[in-house]
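K.L.:
This is the structure I have questions about; it appears just below.
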Amino acid sequence: MTRLIIESAVLSGLALAGLMIAAGANAYVVQLLFSTALAVTLAVGWNLIGGMAGYVSFGQVGFFGLGAYAGALAMLKWALPWPLAIVLAACLAAFLAWPLGRIMLRLSGIFFALGMFGLARVLQIIVNALEITGGPMGTSIPTAEGPGATAMAMVALATGAVALMMAISRSRFGLRLAALRDDAIAAAAAGVDTSRVKVAAFCLSAGLAAAAGALYARNVGYIDPASGFAGTIELQTVLMVLAGGIGTVWGPVLGGIVISLLSTALWARFPTEQQIILGALTLLLAVAMPGGLASIPPLSTWLRRPMLGAFTPGAATPAPAPAAVAADHAGAVLACRGLGKRFGGVVAVAGVDLAVAPGEILAVIGPNGAGKSTLFDMISAFSAPTSGEIRFRGALCAAMPPHLLARAGIARTFQTSRLFPHLTVFETVLLAAASRQHRFRDAQQAASALLAATDLADDAERFPDALPPGRQRLLEIARALALAPAVLLLDEAMAGMTAAEIARVHAVLRAATRRGTAIVAIEHVLPAIASLAARAQVLDNGQTIAEGPPAQVLSDPMVIEAYLGGDEMALAS
Amino acid sequence: MAKNGCARTMGRRAAGMATLAAMWLALGAAPAARAAEDGPIRIGCSITETGPYSPPAVFELQGYRLAAEEINQAGGVLGRKVEIVNYDDQGNPSTAVQLYQKLIYSDRVDLLLSPYETDLMSAVAPLVTRAKKVMPSLGANVDAFQGQFPYLVQAITQTPRYMGPAIDLAASRGYKTIALLIQNTQFPQQLARGIEAEATAKGMRVVFKESFPPTTTDFSALVLKAAETHPDVIVGATYLADSEGIVRAAKAQNINARMFAFSIGPVEPEFGRGLGDAANGVFGTTLYFPTLHTAGNAEFVAGFQAKFGRAPDYHAAVAYGSLKVLAEAVRKVGSLDQDKIRDALLATSVDTVAGHFQLSPTGLQIGYTSYVLQWQNGRQALVWPADQASAAPELPHGAW
Amino acid sequence: MVSIIALVLLGLLWGGVYLLMAEGLNLIYGVMKVVNLAHGDLIVLGGLLAYTLFAHVGLTPITALLPVALVLFALGAAVQWGILERIPLGGAEGELRTLLATFGLSYVVSNTSFLLWGGQFQSIPFLQGALRLGPLAIPEGLLACSLAAFAAALLVHFWLHRTIAGKALRATAESPLGAASCGLEIRRIRIIAFALGAAMAGGAGALVIALVPFQISSGGDLTVQSFTLIALGGLGNYLGAWIAAEILGLAEVLSQYYLGPDIASATIYLLFIAVLLFRPQGLLGRLGRI
């Protein structure tokens, strides 16, 4: 809370200083102010998609240009008052960014970055060819009387942008963004609609860039394709964000100011070498300080993403009740029939039937490469089966994306644990709880209760890296349980745990089954789950080779045969 | 105009980072000098002194400097010396906007001169107009001089007239048809309209017209398509890289015409260096040539050579001319009253080193024209109009 | 009829030029999974070096090829050894840092070039004529570049498949860990790969500057063009890159002729985005990877 007060105070101080300069100083100084605020706005907007969502774009300048033209035309053709034209430009860009984002954000990494570059180019070509935009000649816009009003608007926009980021970093949306950036698959498994979250970030980012563009056009009084879509704007923005600290709230603000000061000093002394020095500096930054200024020790603590909520001891709510469990007529909550998966010519899973009833624990065992994890990937919708069907509560769930399935009640863990490096233990559980709870406060209560139940409360504010492997596994189970699942899929969840930890997990799982949760547990070795499971199903070469009570299954000759040569010791142990 | 539009659109990489640099620097170093009545008359401008777009702009700055020096040697203006206050905009329009803000409101200069080129000029035009400051402008575009910016007067040949004499030369040889290739950026597009108007006036026909984006590097298909209309003349409204590209494509595909002429391109020495023998016979346009028989040109060339160790180019000439004309207008008015200076400029009709300077009532340049040069034996020769020519045009263009 | 044949021929030849410029980037990506954002600037640097050798020493681009490639090889080795080796590879973080580093490098290279050569476009008059084949004219310069592209592709292929060093390089591309456990010195291999990629970029520049005038800021677009090409082909895929280059060349020439140059320039980007979305593994998928 104090941190929020300090940040707000700094922001209001900056904004106030900006407004006073805009109102009082001579036109030249006001112009400087305008440019600084413009740089900050662009950096903050870029950072939202490039840093917070983790989708580095080389084409956000496309939205800047779009906004500049939209604003200019709204002022010219419809004679809208300029503040309205700017709002309109921002809305238009955000609106267009939605379908574009749905398409483009299927790409990632360098592909998304350069795909966006191409898109901005196409936009520039279109603007260059249109009559209404003045084509390559550009278009003049009725100029402002003085720069004062536009500078004030720019300061307000920059302030609003930073305030927006402060709010986002403290919201459920911010938490989801952080999870998305760390691990999109794990985020989806925690019930996060990753596509929607990143598209929303993309739209907001586009809107900010467009508003900045419209104000820029208003301020200069002239816009042409070359200056509206100038690659330099993009490059400068990226550099400032990186120098300040990508993905943080204040890094872009810091980077904007420091880079400007620095390049000024360089320009005064070495006008011809300035660019080389800046380039070399970028290089150096990449090699030695990738986190930018915000990663320098005192700053890194101050500027770290604020932690969301905190563990409240003795939270009243118990772990949330699982979604009302309904079984199909045969009594199974989850039923797979003839499930198969082939990758090219390789058959990973060949017609597996699997059913589990509410409150039941089913162990799925089998040697390496038996198709166990592929089976889970299909059930949790991370990969589509090539044959067969999956019924959840009697209904087919073929077209459901992973996050919806997670919310509907099928939760899972991963064979190699997928935790979010930048989310605390509490936040990790909170993320999943927030997928089920409409009110954020309820989600915090639920997360606290779950941490207490899983014995992770002492680690609530630690990051996953700081936990021993066994507790990392435990955290992943807690994250899955936070979804209050009807079906819990555990993929070798107890590998690497100490005996004490296993006992704790068993207790937690038993509690879950008492509430009606069905558990399907993959184990490479049976003993880890044997004492819990009522039933075991053995897979080999993608097929079920035995099924029944664990003791009976273990003595099945086919099972022994399957393990022989590879891993006979595993059974014995 | 010699700056290549292609590079321009691509993004002002090298010129980039300085946008903010410029303003901080200027903020820290603001001298806040106030013009004393007896101090020098301070004349401000921003010039692209560094970065990839600097070479022509540096010529311009040298033209201003030489003119200022000569004015001071002749006793100055209104009994005061003149002094040029200039900053580096690195070819970036938004930097230029900030620097003109500084010149006007912080340095409070007495007079303004123009940056180079059109896009920088277009960017500062609204601001200069808002401040009601006269500015002899080195922007060739027509639309800035239609009355929208009453304090701007055009001190360089207007774009549509750039290739008038070249078309005139073609018509004088009885050529009838033109294929027109246009870079799809501001200046060449406006230029193309002038070419079409001039051709129609001279009884020629444009049989092919196509524009291409500034990023184009391969002109093979375009030239092939143009050749299918069998034009007498192939004209490019182009810059350096694309004129070279078109000549290369024509030569490599053995596409012939009676005349090849380009707006910008052949005027640059790099055109001859890059094309070698293929440059010979190609026509180009310039706004000035050291051998011109214009008023005071011999002295200008000698003075420029002595001061800067090289021959002046057209940027230097028009810049030199614009400061001379401005000083003359101030002298006539007898004060620094901007409105009166503007009116005096509009009434000016005088010969400068670049030709006859005369303005329309809205400040459009209607005196200056252009000159046609041709690459002959690896050198540029001024060939048209006949009364200024240093060599005869070699026509028609032989087979490649 | 002649015209359509001429157009297809031109398209294929320009495809060769594009391929020539992209090969170095493809090699570096193939081995290290790194996109060198300074690639285009290295091409321009190679071209400007060749220009200087032509203007002051009188070397033709073909003779200048070797010295230019050597200079760029040394530069590339220095960059990999001094800078990129110091960034841990792998993951989104490693990718971002490498992009950032090569982005900084592109600034250093292009602005140092500016100090040395100025900002004007430069070019070399070389191989400007045409071979006649009946009514067809085959531009010599384009032909030379296409042949060079082909030769470079063959040489790289031979080197990768027939020599120890090349096999080591391929092993590194397949699995850095595996290669290391076989006792191959990964670090040296990566340095050689980057240096070779830089040398190929420089060599390409030395030839292409005779076709397309270069200026110090041309580099950015060349990087994007080359990347588009190798992404179309499937990053690190040689056969794919070649096919993609021909498709790009043909699309460019044919759309310039039939649809107009403005649309032609947009088609390439749209094609790029479409391929990324619908065939992210490139045109050929896994076929033809090194």
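Chains as they are written, first to last, in our numbering: chain A, 35 to 607; chain B, 1155 to 1554; chain C, 3 to 292. By construction, the Cβ of each residue, glycine as well, lies at the ideal position given by its N, Cα and C atoms. Just so we're clear, the structure is a prediction, and the values are computed from it rather than from any experiment.
State the start and end residues of the unbroken beta strand (DSSP E) segment that holds B/Val-1436.
P.N.:
It is not in any beta strand (DSSP E) - B/Val-1436 carries neither H nor E in the DSSP assignment.
K.L.:
Let's test the definition: count the other Cβ atoms within 10 Å of the Cβ of B/Pro-1280 and tell me whether it reaches 16, buried, or not, exposed.
P.N.:
Classification of B/Pro-1280: buried, given that the 10 Å Cβ count is 16 or more.
K.L.:
Grouping DSSP H, G and I as helix and E and B as strand, with all else coil, what is B/Met-1155?
P.N.:
In this prediction, B/Met-1155 has a pLDDT of 41, which is less than 50 and means its spatial position is unreliable; what the coordinates show is noted afterwards. Three-state DSSP puts B/Met-1155 in coil, outside helix and strand.
K.L.:
Only counting runs of 4 or more residues, tell me where the alpha helix (DSSP H) segments fall wholly within the stretch 274 to 307 of chain A, in order along the chain.
P.N.:
Listed in chain order, they are 285 to 303.
K.L.:
State yes or no: is the beta carbon of B/Pro-1550 nearer than 7 Å to at least one beta carbon in chain A?
P.N.:
For B/Pro-1550, the answer is no, since every Cβ of chain A falls outside 7 Å of its Cβ.
K.L.:
Between which two residues does the alpha helix (DSSP H) containing B/Tyr-1525 stretch?
P.N.:
Taken as a continuous stretch (DSSP letters only), B/Tyr-1525 belongs to no alpha helix (DSSP H), being part of the beta strand (DSSP E) at 1525 to 1530.
K.L.:
Mapping DSSP to helix, strand and coil, what is C/Gly-259?
P.N.:
With the sequence shown as reference, residue 259 of chain C is identified as Tyr, and Gly is not the correct amino acid for it. It is helical.
K.L.:
Which residue spans inside the stretch 402 to 482 of chain A form an unbroken beta strand (DSSP E) run of at least 3?
P.N.:
421 to 426, 444 to 446, all fully within the stretch 402 to 482 of chain A.
K.L.:
Can you tell which of A/Val-78, A/Pro-115, A/Ala-213, A/Gly-576 has the C-alpha that lies nearest to the C-alpha of A/Leu-198?
P.N.:
Ranking the options by Cα distance to A/Leu-198, first place goes to A/Val-78.
K.L.:
Would you decide whether A/Phe-304 is buried or exposed? Buried here means 16 or more other CB atoms lie within 10 Å of its CB.
P.N.:
Exposed, by the Cβ-count rule.
K.L.:
Put B/Lys-1510 into one of helix, strand or coil per three-state DSSP.
P.N.:
It is worth fixing the name first, because residue 1510 of chain B is His in this sequence and not Lys. In the structure shown, B/His-1510 sits in a strand (DSSP, three-state: E or B).
K.L.:
Name the chain A residues that come within less than 7 Å of B/Lys-1256, Cβ to Cβ?
P.N.:
Here the neighbours are Tyr-62.
K.L.:
State the start and end residues of the unbroken alpha helix (DSSP H) segment that holds B/Thr-1331.
P.N.:
Taken as a continuous stretch (DSSP letters only), B/Thr-1331 belongs to no alpha helix (DSSP H), being part of the beta strand (DSSP E) at 1331 to 1337.
K.L.:
Measuring alpha carbon to alpha carbon, tell me which residue in A/Ala-570, A/Pro-324, A/Ala-71 is nearest C/Ile-89.
P.N.:
That would be A/Pro-324, whose Cα lies nearest to the Cα of C/Ile-89.
K.L.:
Quick one: which residues of the stretch 253 to 271 of chain C get their C-beta closer than 9 Å to a C-beta of chain B? List them in chain order.
P.N.:
Cβ contacts with chain B: Glu-254, Val-255, Leu-256, Ser-257, Gln-258, Tyr-259, Tyr-260, Gly-262, Pro-263, Asp-264, Ala-266, Ser-267, Ala-268.
K.L.:
Ordered along the chain, which non-local residues of its own chain (more than five positions away) have a Cβ less than 8 Å from that of C/Ile-7?
P.N.:
Contacts found: Leu-138.
K.L.:
Can you tell me which of the three DSSP states A/Gly-225 falls into?
P.N.:
Residue state, collapsed to three classes: coil.
K.L.:
Hey, how far is the Cα of C/Asn-239 from the Cα of A/Thr-408?
P.N.:
Roughly 29 Å separates the two Cα atoms.
K.L.:
To the nearest angstrom, how far is the alpha carbon of A/Ala-106 from that of A/Pro-176?
P.N.:
So the alpha carbons of these two residues sit roughly 9 Å apart.
K.L.:
Give the straight-line distance between the Cα atoms of A/Ile-399 and A/Leu-388, rounded to the nearest whole angstrom.
P.N.:
The straight-line gap from Cα to Cα measures roughly 13 Å.
K.L.:
Closest to A/Ala-240 by CA distance: which of A/Ala-190, A/Phe-98, A/Ala-220 is it?
P.N.:
The shortest C-alpha separation from A/Ala-240 is found at A/Phe-98.
K.L.:
Can you pull the chain C neighbours of A/Leu-242, defined as C-beta to C-beta under 7 Å?
P.N.:
Neighbours of A/Leu-242 on chain C: none; closest Cβ ~21 Å, over 7 Å.
K.L.:
What is the DSSP secondary structure of A/Ala-604, counted as helix, strand or coil?
P.N.:
In this predicted model, A/Ala-604 has a pLDDT of only 49, less than 50, meaning its place in the structure is not dependable; the value taken from the coordinates is given anyway. Note: A/Ala-604 maps to helix in three-state DSSP.
K.L.:
Using DSSP with H/G/I as helix, E/B as strand and the rest coil, what is A/Tyr-89?
P.N.:
Here A/Tyr-89 sits in coil by DSSP.
K.L.:
Going by DSSP in three states, A/Gly-374 sits in which element: helix, strand or coil?
P.N.:
In this structure, A/Gly-374 counts as strand in the three-state DSSP scheme.
K.L.:
Where does the unbroken beta strand (DSSP E) through B/Tyr-1241 begin, and where does it stop?
P.N.:
It spans 1236 to 1242 - the beta strand (DSSP E) in which B/Tyr-1241 sits, taken as one unbroken run.
K.L.:
With A/Ala-328 and A/Gly-279 assumed to form a contact (beta carbons below 8 Å), what rounded beta-carbon distance in angstroms separates them?
P.N.:
Rounded, the Cβ-Cβ distance is 3 Å, consistent with contact.
K.L.:
Give the residues of chain A in contact with C/Ile-89, contact being defined as C-beta atoms less than 9 Å apart.
P.N.:
Within chain A, the residues near C/Ile-89 are Ala-320, Val-321, Pro-324.
K.L.:
Counting only beta-carbon atoms, is C/Ala-103 nearer than 7 Å to chain A?
P.N.:
Output row for C/Ala-103: interface = yes.
K.L.:
Check for me: the beta strand (DSSP E) holding A/Thr-578 runs from which residue to which?
P.N.:
Run containing A/Thr-578: 577 to 582, per the beta strand (DSSP E) assignment.
K.L.:
Classify A/Pro-591: buried if its beta carbon has 16 or more other beta carbons within 10 angstroms, exposed otherwise.
P.N.:
Classification of A/Pro-591: exposed, given that the 10 Å Cβ count is below 16.
K.L.:
Does the Cβ of A/Gly-28 have 16 or more other Cβ atoms within 10 Å, making it buried, or fewer, making it exposed?
P.N.:
Because chain A is modelled from 35 through 607, residue 28 of chain A falls outside the range shown and cannot be assessed.
K.L.:
With a 10 Å radius around its C-beta and 16 neighbouring C-beta atoms as the bar for buried, classify A/Glu-595 as buried or exposed.
P.N.:
A/Glu-595 comes out exposed.
K.L.:
Return the residue from the list A/Gln-65, A/Val-459, A/Arg-475 that minimises the CA-CA distance to A/Arg-505.
P.N.:
Looking at the Cα atoms, A/Val-459 is the closest of the given residues.
K.L.:
Indicate whether B/Asp-1264 and B/Leu-1480 have their beta-carbon atoms separated by less than 7 Å.
P.N.:
No, these two residues do not count as a Cβ contact at 7 Å.
K.L.:
Secondary structure at B/Ala-1169, three-state DSSP: helix, strand or coil?
P.N.:
Unreliable positioning characterises B/Ala-1169 in this predicted model, as indicated by a pLDDT of 39, which lies under 50. The coordinate reading is nonetheless provided below. Correct three-state label for B/Ala-1169: helix.
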